[in-house]
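Colleague:
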Amino acid sequence: MDTAIKDGDFQTNGSGLPVRISGAQELLQRVMFRLTVKKGSFFYDQQLGSRLYTLKGSYGNREALSETAMQMVREALKPMAEVTPLGVRAGMTGPDQLSLTVSLLADRKQMELEVLI
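Positions in the sequence shown are counted from 1; adding 531 to them yields my numbering.
1) Pick helix, strand or coil for residue 641, following the three-state DSSP scheme.
2) Give me the residue from 583, 592, 610 with the minimum Cα distance to residue 576.
3) Distance, Cα to Cα, residue 546 vs residue 564?
4) Thinking just about the alpha-carbon of each residue, which of 615, 619, 620, 626 is nearest to the one in residue 640?
5) Look at residue 617 and residue 586 and say whether their C-beta atoms are less than 9 Å apart.
6) Answer yes or no: does any C-beta atom of chain B fall closer than 9 Å to that of residue 646?
7) Which same chain residues, not among the five before or five after residue 601, have their C-beta less than 6 Å away from its C-beta?
8) For residue 634, which residues from the same chain have a beta carbon less than 6 Å from its beta carbon, with the 5 sequence-adjacent residues on both sides left out?
9) Comparing alpha-carbon positions, which option in 543, 572, 534 lies nearest residue 556?
10) In the DSSP assignment, what are the bridge partners of residue 551?
11) Apply the 10 Å Cβ neighbour rule to residue 569 and answer buried if 16 or more other Cβ atoms are within range, or exposed otherwise.
Here's what the structure looks like:
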């Protein structure tokens, strides 16, 4: 069980108490955390995070970009044995924003999440 995080802060309910999450929600939050934190930026665990931020400004071949992103996703999620990355699709959501749709197998279910860079 964990506390839900929203917009970089603890999510609270109507009473102002932290929202608790578990199961697939908790797993997806951990995945999202690993993919969005810059690798090496957390003092206590330099291996935590991903290198996906280095793809910012990449506008080349989407297929090659997706393959590179997939390698980085595998690297970031390697410590999470309960999660299997299945694929990554790269796309642009704005003039300077890369969108990665990450497909994965977690909690015995196929799931997708979007990472914006």
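Yeah, the Cβ is synthetic: ideal placement off N, Cα and C, and Gly gets one too.
Note that this is a predicted model, so its numbers are computed, not measured.
Modeller: In terms of the structure at hand:
1) strand
2) 610
3) 26 Å
4) 615
5) no
6) Annotation note: the requested chain B is absent from the structure, which comprises a single protein chain.
7) 619
8) 617, 618, 643
9) 534
10) 534
11) exposed
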